[in-house]
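J.: Attaching a single structure in structure tokens format; questions to follow.
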Ligand code: T3D
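Residue numbers (our numbering): -8 to 254.
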């Protein structure tokens, strides 16, 4: 039986998701995108999972859309790219952004096209020094999708975003970190320990508060200062009633480490 294009396992409170079509650099065909949508939906609902770890098998993170599937000259190709993007990629971006727990992305190699932008949709992106980011779309006559035109200006400012999207040059991971596109880089040999370690740590933290922090950060670019202050007050009201807050304060006063349950 063919191996699944998405590998999944949950342990120590972390859902480990691996893009698994290494022979085509983990590029996405339809079934793979739909399978990732299904796994993300399951993970979002599973209270036993308190952090998500996303990476790629082999030497790449993901080369984006499988161009053999998309090519018009090969069979039917993809008739309606707009519908294709709406049904396959947009739900993936929204699932990652709305995930009520942190998502750590370990970029193990090249991340191109939709693959690059899926990484940028994650909360914390750690890349191997050997990895790179490539807005490959323009090289084949397409526009950035999968949230690229939303994430890039917000992460690196409009001047860098324009150059990345229009030139389609390969951006080495170290430069991506310098620009603020990603959190940090580390040697490939340390990527698993660093990024999975971060996910394991997050899985022990106050998941409910982490989810509220994600909501606050997501709302921030659209809010005035007054609106954001109000939203912070509202979220603090909710967080202040959580079991994890009670435990956090109790542990502090008792001079011990807290045991958060995510509630
Ligand atoms: O609805 C829609 O379809 C529109 C949505 C679009 C979303 C998008 O993501 S558009 C952008 C699609 N992606 C690309 O244009 C990137 C294409 N790939 C590359 O530019 C290069 O492969 C890389 C820069 C990513 C890596 O280069 P390199 O030299 O390390 O590897 P390679 O030799 O080019 O690739 C290795 C193999 O993977 C090769 O196959 P082979 O020769 O060993 O049999 C290559 O054909 C295959 N591969 C790489 N990328 C893709 C791919 N096969 C299918 N689709 C790919 N995207």
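For every residue, glycine included, the Cβ atom is placed at its ideal position computed from N, Cα and C. Just so it is clear, the structure is predicted and the values come from calculations on it, not from any experiment.
(1) Is the Cβ of residue 47 closer than 8 angstroms to any Cβ of chain C?
(2) Looking at residue 196: is its Cβ nearer than 8 angstroms to the Cβ of residue 251?
(3) Which residue wins for smallest C-alpha separation from residue 127, given the options 106, 166 and 146?
(4) Would residue 233 pass as a contact of residue 91 if the rule is Cβ separation under 8 angstroms?
(5) In terms of residues, what are the limits of the alpha helix (DSSP H) holding residue 236?
(6) Quick check on the DSSP output: the beta strand (DSSP E) that includes residue 113 runs from which residue to which?
(7) Would DSSP call residue 0 helix, strand or coil?
(8) Per the contact definition of three or more C-beta pairs closer than 8 angstroms, is the stretch 33 to 43 in contact with the stretch -1 to 10?
(9) Verify whether the separation of the beta carbon atoms of residue 175 and residue 168 is less than 8 angstroms.
(10) Per the DSSP calculation, residue 56 is bridged to which residue(s)?
T.: With the structure as the only source:
(1) The displayed structure is made up of one protein chain only, and chain C is not part of it.
(2) Taking the chain shown and counting its residues from 1, one reaches residue 196 at position 205. Taking the chain shown and counting its residues from 1, one reaches residue 251 at position 260. Result yes, Cβ atoms of residue 196 and residue 251 sit closer than 8 angstroms.
(3) What you label residue 127 is simply residue 136 of the chain shown in a count that begins at 1. If we check each option's Cα against that of residue 127, 106 comes out closest.
(4) Residue mapping note: residue 233 aligns to position 242 of the chain shown, counting from 1. Residue mapping note: residue 91 aligns to position 100 of the chain shown, counting from 1. Result no, Cβ atoms of residue 233 and residue 91 do not sit closer than 8 angstroms.
(5) If you number the chain shown from 1, residue 236 lands on position 245. 234 to 244 is the extent of the alpha helix (DSSP H) around residue 236.
(6) Sequence index remark: in the chain shown, residue 113 carries index 122 (1-based). Where residue 113 is concerned, there is no enclosing beta strand (DSSP E), given that its DSSP letter is neither H nor E.
(7) Mapped onto the chain shown, residue 0 falls at position 9. If DSSP states are grouped into helix, strand and coil, residue 0 belongs with the strands.
(8) yes
(9) Working through the chain shown from its first residue, we reach residue 175 at position 184. Working through the chain shown from its first residue, we reach residue 168 at position 177. Contact: yes.
(10) Position 65 of the chain shown, counted from the start, is the residue given in the question as residue 56. In the DSSP output, where bridge partners are listed per residue, residue 56 has 19.
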